[in-house]
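K.L.:
One structure is given below, represented as structure tokens, and several questions about it will come after.
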Amino acid sequence: MKCYCLELKNDVGEIEYIWTLQARLKETMSKIKRHIRKDELNDIFSLYSKQSWLCEKEDSLLELLLLCETSDNKKLIIKLLNDFNYLDKRVLSTYLSLIADYIITDSGFSQDTCQVAAITFDDEADSSQKILDYIKMPLFLKGWDNFKPVNRYGATMKNYIDGRNQIIFIDEFIGSGQTILGRIKQLNNDIREDFDLKFCFIAGMDYGIKKIEELGYEVFCPLRLPKGITESFAEEDVEFSLNNMKGLEEKLAANINGFDLRDYSLGYNGAEALYTLEGNLGNTPNSVFPIFWWPRSFDNLERQTLLTRFERGLK
């Protein structure tokens, strides 16, 4: 079902938009009531007040709930959705401003000797390049008009030779931290001389960030997240909930064009992330529980997922 809410809001005004949204929600609730037990409805309805983005994903939500055969399945999904971090444009803009303030005021770096670099290693466009593009204007508006944005990791060495020995790697999201640890190792092998290195992320898993900080590097990340189950549920409920999620993952396609679901179980490297950027602002990280974005079911049918991840070949 296509959502016309935004178009209606623009075309016929606020009142009609609200009426239309209410009508659509009523239709969705009618569908849910036909398939969900009455004692579970209140928990589902309460999601809309905290996670308003779900109002425009009603068919995807219904499909996900129908995947849950037991009450425990539904409770787990509802709890995770309730805890989900879905960043809209306003929040993203605020976080970009905070990162710009950190770089200019707190990093100790000078715009004349600093390079702000994406961690992109190959020729595939990624989220770090997008965030680098987003941060340019906040930095400029706050007075930095001579810093060096670097679109590829490989260019950091040249800029270092040119006197840019203060390096800030920037990205949207950090999961387990393995990619960043690899960049640190590579940079130390490439330069082998004195340089200052710091990191900025929009959001990230706290345990992954700590791996970097334990090596002595400074990280600025306005949204630090705990693991969605392991670090967020009562200790006595963790093992049961993890097994519950793995049971739900068995309803997904085990392999898609060489992408093995086992590599993404509970999120890549077991990250258990509950995070994405709104719509076209970003690409859902593979660190997020695959139940929310894995594109095919166990019978290889295409799913209508709550979240979308683009990865070439994963379809």
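Heads up: the sequence shown is residues 313 to 627, going by my numbering.
All residues carry an ideal CB built from backbone N, CA and C; glycine is no exception.
#1: Who are the near neighbours of R476 in its chain, counting only those whose CB is closer than 7 Å to its CB and skipping five residues on each side?
#2: Hey, how far is the Cα of D434 from the Cα of E551?
#3: If we call anything under 8 Å between Cβ atoms a contact, is E584 one with T620?
#4: What first and last residue would you give for the beta strand (DSSP E) that runs through L578?
#5: Hey, could you find the ends of the beta strand (DSSP E) N397 is sitting in?
#6: Is L451 near A412, with beta carbons less than 8 Å apart?
#7: Does the distance from the C-beta atom of I480 to that of K523 stay below 8 Å?
#8: Would you decide whether N595 is buried or exposed? Buried here means 16 or more other CB atoms lie within 10 Å of its CB.
#9: Can you find the residues in the same chain that come closer than 6 Å, C-beta to C-beta, to L527, ignoring five residues on each side of it along the sequence?
#10: Any idea if I327 is buried or exposed, counting beta-carbon neighbours within 10 angstroms, 16 or more meaning buried?
#11: May I ask which residues mark the beginning and end of the alpha helix (DSSP H) holding R495?
#12: Quick one: complete beta strand (DSSP E) runs, 3+ long, within the stretch 504 to 553?
#13: Below 8 Å, can you find three or more Cβ-Cβ pairs linking the stretch 596 to 610 to the stretch 552 to 567?
#14: Just the Cα atoms here: how many angstroms apart are S409 and Y465?
P.N.:
Taking the geometry as given:
#1: Translated into positions along the sequence shown, residue 476 becomes position 164. Answer for R476: T425, C426, Q427 and K460, listed in chain order.
#2: Along the sequence shown, one-based indexing puts residue 434 at 122. Along the sequence shown, one-based indexing puts residue 551 at 239. Cα to Cα, the separation comes out at about 38 Å.
#3: As a first step, residue 584 must be located in the sequence shown, where it is residue number 272. As a first step, residue 620 must be located in the sequence shown, where it is residue number 308. Going by C-beta atoms, E584 is not nearer than 8 Å to T620.
#4: Along the sequence shown, one-based indexing puts residue 578 at 266. Unbroken run through L578: none, as it is neither H nor E.
#5: Position 85 of the sequence shown, counting from 1, holds the residue named residue 397. N397 -> beta strand (DSSP E) spans N397 to L399.
#6: Mapped onto the sequence shown, residue 451 falls at position 139. Mapped onto the sequence shown, residue 412 falls at position 100. Closer than 8 Å, so yes.
#7: Numbered from its first residue, the sequence shown carries residue 480 at position 168. Numbered from its first residue, the sequence shown carries residue 523 at position 211. Between I480 and K523, the C-beta spacing is not below 8 Å.
#8: In the sequence shown, counting from the first residue as 1, residue 595 sits at position 283. Looking at its Cβ environment, which holds 16 or more other Cβ atoms inside 10 Å, N595 is buried.
#9: Reading the sequence shown from its first residue, position 215 is the one you call residue 527. If we look at L527 and ignore the five residues flanking it on each side, it has no Cβ neighbours.
#10: What you label residue 327 is simply residue 15 of the sequence shown in a count that begins at 1. Classification of I327: exposed, given that the 10 Å Cβ count is below 16.
#11: Taking the sequence shown and counting its residues from 1, the one referred to as residue 495 is at position 183. R495 -> alpha helix (DSSP H) spans Q490 to I503.
#12: 508 to 517, 530 to 532 and 535 to 537
#13: yes
#14: Here residue 409 is taken as the residue at index 97 of the sequence shown, counted from 1. Here residue 465 is taken as the residue at index 153 of the sequence shown, counted from 1. For S409 and Y465, the distance between alpha carbons rounds to 23 Å.
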